[in-house]
Amino acid sequence: FRFEPYKLHWHPSHKESNVGVYGELFTSREFLEAHQTLQESPPQLECNLPCRVVALMFWSDATQLTTFSNSKLWPLYIYFGND
Numbered sequence: 001f002r003f004e005p006y007k008l009h010w011h012p013s014h015k016e017s018n019v020g021v022y023g024e025l026f027t028s029r030e031f032l033e034a035h036q037t038l039q040e041s042p043p044q045l046e047c048n049l050p051c052r053v054v055a056l057m058f059w060s061d062a063t064q065l066t067t068f069s070n071s072k073l074w075p076l077y078i079y080f081g082n083d
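Numbering of the sequence shown is given in UniProt numbering, commencing with residue 1 and proceeding in unit increments.
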């Protein structure tokens, strides 16, 4: 589980500059910007805990309940993007 975002760069031999590599949500520009915005926000009174971004991803997919009917269920899945 990642509490701190990070930038991942690759330096290809045929280029002069580094190239950003994005493979996980916690390496994305949006996650880095959200983390920076949160760190720059005014602190809460009497709170010494660190502020962290928790990325929650939601999705759903149809599941057929029985073999011989059209009964379906749409369960909701939740995944931490920090993992």
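Note that beta-carbon positions come from the ideal geometry of N, C-alpha and C, so glycine has one too. Keep in mind that this is a model prediction, so the values were computed, not measured.
Where does the unbroken beta strand (DSSP E) through residue 32 begin, and where does it stop? Unbroken run through residue 32 is the alpha helix (DSSP H), 29-40; no beta strand (DSSP E).
Could you name the residues of the same chain whose beta carbon sits closer than 6 Å to that of residue 22, not counting the 5 residues immediately before and after it, in chain order? 28
Quick one: Cα of residue 55 to Cα of residue 37, how far? 15 Å
To the nearest whole angstrom, what separates the beta carbons of residue 2 and residue 82, a pair I think is in contact under 8 Å? 5 Å
What's the C-alpha gap between residue 80 and residue 18? 29 Å
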